[in-house]
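This report refers to the structure that appears directly beneath it.
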Amino acid sequence: MHFQTSPLQNAAGRHLLAQWCIGCLVALACTASFPPADAATVRKPVDQLPVVKELPDPFLLADGTRVKSPADWARRRLELIDLVLSYEYGALPPAVSNVKSTVLSSGPTTRPAELPGATETNVLLTMGPENKIALHMHLLIPAAPADKAPGSARFPVILRGDLGWKSVKPDIAAAVLQRGYILAEFDRTELAADKKDSREGGIYTAWPDYNGSVMSAWAWGYQRGVDYLLTRPDIEANHIAITGHSRGGKAVLLAGALDERIALTAPNGSGSGGAGAFRFQAPKSEAIENIVPRFPYWFEPHFADFIGHVDQLPFDQHSIKALVAPRAFLETSGLGDLWSNPEGSQQAYLAAREVFDFLGVRDQIGFAWRAGKHEHNLQDWTALLDFADWRFFGKQPARAFDTLAFPQSEKKFTWAKP
Ligand code: GTR
């Protein structure tokens, strides 16, 4: 079983696949789970890596030249995918092409009660060798607009993988449906349990030797959720957004960085191993030496080698955000959630924005701060819906998405876009 194929070996094929996947309606055959890097060849021991104190220049190619054109960036993007998977998250599970869906129940919903005409569907997805992997998805679907014939309406979708922490609160579900979005939820831990040394969950049943991280397995789950959504006649294939909170937000960042079918990537409160820079830890924030010993299974095992050597990591989290470009990216966060390093997230946002700017899509990256703590609340969801309405449909938002929460925070990089 192949867990380790360098994306650089088949860059042209991947590009074609990505193109084909965009707008693809028959997605069961579409296996855009990006193969993991060949860690053995890509990963160098930490002591052979140069010390880079600032956030590393994402435009610097492996051959020492600097990106000059969007085509160069496409090449650099593949290099960064290799680095990120090899050093930080490890392999994604193998691609599958046999996602099957069975509707378990479908009908009117009273949830949220104030939205007449909304429906609810529970689906069982199976996939993988001998269909051993099971993943449940719950969808809330708005009523079709009055001017649409029954069955002809299409909706944008927000896909959330945190169902294991319960469904969103009714006010959030109502907000999503009122804006005309489908809310699709699944439990990422059905695929890989959120427990140290457990190796429980569908991925391990299907591939007992899977050696990637649980984070990579969760990101893979988002990709399979997208496979399924793209088979539904009622979704707008080019308007799929993904979101998740905290550890779920970290998985969202990775999934959105890799999968070009995802139009909007929106991690919330994702902090360490997510939106926050490892090289810039604001006071009371979670650093690599805190997160890796507690949650080693979220990372590639050699990532622990960077404890005490984080300035030798050949990238930082800004590079992962940059992989989303030119697609849309929004991070939401509570300013009181110090553990999730809001100031370090702003640093990584500013650095990633250079890439969006270089590609001529500066408005595609946004940041929405709010007062308050570690939660994924209605304010965060409202920001996401405002941003999605703007980026998907051109509805001018009432708020700005580039307001800095820490305007005095000195930039942690000296390079700029070419
Ligand atoms: C914490 C962890 C964070 C974050 C959080 C969560 O214990 O240190 O990185 O993932 O859990 O998921 O709520």
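Residues 285 to 702 in our numbering are what the sequence shown spells out, letter by letter. For each residue, glycine too, the CB sits at the ideal point set by N, CA and C.
| Check | Outcome |
| --- | --- |
| Residues whose Cβ lies closer than 6 Å to any heavy atom of the ligand GTR, in chain order | S530, R531, G555, S556, E570 and I575 |
| Same chain, Cβ closer than 8 Å to K701, five either side skipped, listed in chain order | F343, E638, V639, D641 and F642 |
| Test item: CB-CB of S390 and T403 under 8 Å | yes |
| Residue closest to A636, alpha-carbon to alpha-carbon, out of E520, A559 and F690 | A559 |
| C-alpha gap between S603 and E363, whole angstroms | 11 Å |
| Buried or exposed (CB count within 10 angstroms, at least 16 for buried), A458 | buried |
| Backbone CA spacing between G533 and K480 [nearest angstrom] | 19 Å |
| Contact set for K679: own chain, Cβ-Cβ below 6 Å, skip 5 residues either direction | D673 |
| N- and C-terminal bounds of the beta strand (DSSP E) containing G618 | A612 to G618 |
| Cβ contact check for the stretch 616 to 633 and the stretch 581 to 596: 3 or more pairs under 8 Å | no |
| Where F583 sits in the DSSP three-state scheme | coil |
| C-alpha gap between E584 and P434, whole angstroms | 48 Å |
| Distance CB(S497)-CB(W582) smaller than 8 Å | yes |
| Cβ-Cβ separation, H660 to N552 (assumed contact under 8 Å), whole Å | 5 Å |
| Neighbourhood of S693 by C-beta, 8 Å cutoff - its chain only, sequence neighbours within 5 removed | E627, Q630 and Q631 |
| Burial state of P334, where buried means 16 or more other Cβ atoms lie within 10 Å | exposed |
| Buried or exposed by the 16-neighbour rule on C-beta atoms within 10 Å, applied to G401 | exposed |
| Within 8 Å, strictly: CB atoms of I572 and F590 | yes |
| Option in F671, R508, L669 and W653 with minimal Cα separation from P691 | W653 |
| Continuous alpha helix (DSSP H) stretch holding I456: start and end | P454 to Q462 |
| V407 and L424 closer than 8 Å at C-beta | no |
| Helix, strand or coil at I442 [DSSP, three-state] | strand |
| Completely contained beta strand (DSSP E) runs for the stretch 526 to 561, where each covers 3 or more residues | 548 to 552 |
| Classification of Q332 by the beta-carbon crowding that lies within 10 angstroms, buried from 16 upward | exposed |
| Three-way DSSP call (helix, strand, coil) for E414 in this model | helix |
| Cα-Cα separation, S554 to H529 | 6 Å |
| Helix, strand or coil at E404 [DSSP, three-state] | strand |
| Same chain, Cβ closer than 6 Å to T489, five either side skipped, listed in chain order | K416 |
| Endpoints, beta strand (DSSP E) assigned at G650 | I649 to R654 |
| Opposing strand residues paired with P392 [DSSP bridges] | T403 |
| Which listed residue (R563, L419, A539 and Y465) has its alpha carbon closest to that of A427 | Y465 |
| Cross-strand partners of H422 (DSSP beta bridge) | N406 and E469 |
| Per-residue burial, K568 [other beta carbons within 10 Å of its own, 16 or more giving buried] | exposed |
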